[in-house]
Amino acid sequence: MFKKVKIYISDEHDIRTNLALEEYLIKELENECAILFLWWNNNTIVIGRNQNPWRECHLSAMEEDNINIGRRKSGGGAVFQDPGNVNYSFICYEKDYNIEQLINIVTSSLKKFGIDAFFNGRNDLLVEGNKKVSGSAFSKYDNFHIMHATMLINADLQKMAKYLNVSKAKLASKGVKSVQSRVTNLVELNKDITVKGFEDAMIETTKELFGDDSKLYPVPDKSLWKNELDFFTSDKWVFGRKINFEHILENRFDWGEIQLHFQIKEGLISECKIYTDSMDETIFDTINKLLINCKYSTEGIKKALDSITVENNLQKQIISDIITLLKREL
């Protein structure tokens, strides 16, 4: 069990930056102590350690709408976060880890708003009607634990549906599929609750339970956690974690039917095969060659296709239609 809590509130709202800070805060741990880290992100999707971003997200829509994406080290499913969602993380040594203490901080904070909540197992926090308001993920390192979770205060649930699991393309993936749950915002239960109000309640509850030694600490200077920042902000971590899979896109256009078979290796197109009944055969040979080793994203493929010198209006239309298909399905 822990006897005091060190509290940190991030003034950053980028998912990769906050994941880096969370990792660095491990170094701020003390004996018989837990760390409470509070943070929120601008519009973003966070995927689990072993998930395939192309399976979990509509990456093309995210690119168009400037939705960020980050990958955490813990397992579990993909979640959408926006400024109406609070993240809270608990970090402590394994010998001090006590899930009941952590849960009590959260549920006691919600009681300040007249909200009764209970954990379903250890992952989901439910309220009346068995609706989910919070989901947790866990990491265990050599001698310490991290529990981090979301809390839906006033999140845009329509965006959640737009960016998560919307592609109908055929995917053969080794990633873990997200489980879609019935969710609700806390404002549906108490219209006065806000992101800052919940953060304040978590701080107040922590001080009530663990005394004056539990207090706010300044966030360490960013220069101290450069290594963590470089790791979590790299596309290699987010997209290239040896996730190899096949993605098949197909559609019928005025000029014919097309099937695009992509083999993806660590975020790049390692193999491309195009099947079509189009009368123009030469343009597809060119596309095949150009897309090998291309970054598997709408922008990456569009850049390659835009470099093609077209010979006629049909080829121009073919390229335009393929880009439209990618924007819809990726």
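Note that the sequence shown ends on residue 332 in my numbering; no numbers are left out. We treat Cβ as the ideally placed atom computed from N, Cα and C, and that holds for glycine.
Straight-line Cα distance separating residue j from residue i
i, j, result
"Arg330", "Ala63", "8 Å"
"Ser299", "Lys198", "36 Å"
"Val88", "Gln103", "19 Å"
"Ile270", "Tyr165", "Here the sequence assigns Leu to residue 270, which means Ile is not the residue at that position. So the alpha carbons of these two residues sit roughly 22 Å apart."
"Thr288", "Lys267", "21 Å"
"Gln265", "Glu96", "41 Å"
"Ala203", "Cys296", "48 Å"
"Trp41", "Ile101", "20 Å"
"Phe233", "Asp223", "17 Å"
"Ile69", "Asn45", "5 Å"
"Arg334", "Leu159", "This structure cannot settle anything about residue 334, because the visible part of the chain is limited to 3 through 332."
"Ala80", "Glu34", "32 Å"
"Asp308", "Thr326", "13 Å"
"Phe255", "Trp56", "24 Å"
"Tyr277", "Ile303", "18 Å"
"Thr196", "Ser111", "13 Å"
"Glu130", "Asp118", "8 Å"
"Glu201", "Ile93", "17 Å"
"Glu24", "Cys59", "24 Å"
"Lys29", "Phe4", "16 Å"
"His249", "Ser141", "30 Å"
"Ile11", "Ala22", "14 Å"
"Asp194", "Ile155", "10 Å"
"Asn315", "Phe39", "57 Å"
"Ala174", "Leu328", "Here Ala174 scores only 43 on pLDDT, less than 50, and its place in the model should not be relied on; the value that follows carries that caveat. When rounded, the distance between both Cα atoms is 17 Å."
"Leu191", "Lys114", "12 Å"
"Thr207", "Asn290", "60 Å"
"His150", "Thr311", "50 Å"
"Gly1", "Lys228", "Lying outside 3 to 332, the shown extent of the chain, residue 1 is not represented and no answer is given."
For residue i, the residue or residues it bridges with in DSSP
i, result
"Gly77", "Its beta-bridge partners do not exist; DSSP assigns none."
"Trp41", "Asn89"
"Cys296", "Per DSSP, none; premise fails for Cys296."
"Tyr10", "Phe39"
"Gly72", "Val48"
"Met153", "Val88"
"Val185", "Lys134"
"Leu128", "Phe120, Lys134"
"Lys139", "For the sequence presented, residue 139 should be read as Ala rather than Lys. According to DSSP, which records beta bridges pairwise, Ala139 is partnered with His150."
"Phe82", "Ile47"
"Leu166", "Cys59"
Contact belief for residue i with residue j at Cβ below 8 Å, rounded distance in angstroms
i, j, result
"Lys6", "Phe212", "5 Å"
"Asp279", "Gly258", "5 Å"
"Asp84", "Ala139", "Actually they do not touch by this definition, with Cβ atoms about 18 Å apart."
"Ile9", "Ile205", "6 Å"
"Glu65", "Glu301", "6 Å"
"Val189", "Lys134", "Wrong, their Cβ atoms sit about 15 Å apart, outside the cutoff."
"Gly137", "Asn125", "6 Å"
"Val48", "Gly86", "At roughly 15 Å, the Cβ-Cβ gap does not stay under 8 Å, so Val48 and Gly86 are not in contact."
"Gly77", "Asn52", "6 Å"
"Tyr26", "Leu226", "7 Å"
"Phe82", "Lys209", "Not a contact, Cβ separation roughly 31 Å."
Classification of residue i by the beta-carbon crowding that lies within 10 angstroms, buried from 16 upward
i, result
"Leu61", "buried"
"Tyr99", "buried"
"Ala163", "exposed"
"Ile148", "buried"
"Pro220", "exposed"
"Ser91", "buried"
"Asn20", "buried"
"Phe120", "exposed"
"Ile294", "exposed"
"Asn54", "buried"
"Met153", "buried"
"Ser216", "buried"
Proximity test, residue i beta-carbon vs the ligand COA heavy atom, cut-off 7 Å
i, result
"Ile148", "With respect to small molecules bound, the structure shown includes none, and the ligand COA cannot be examined in it."
Closer than 8 Å to chain C by CB, residue i
i, result
"Lys305", "Of the chains in the structure shown, none is chain C; there is only one protein chain."
**Message:** For a minimum of 4 consecutive residues, which ranges assigned as the alpha helix (DSSP H) are wholly contained in the stretch 90 to 126?
**Reply:** If we require 4 residues or more, the alpha helix (DSSP H) runs fully inside the stretch 90 to 126 come out as 101 to 113.
**Request:** With a floor of 3 residues, list each beta strand (DSSP E) that falls wholly inside the stretch 210 to 293, ordered by position along the chain.
**Result:** DSSP runs (the beta strand (DSSP E)) wholly in the stretch 210 to 293: 246 to 255, 258 to 267, 270 to 278.
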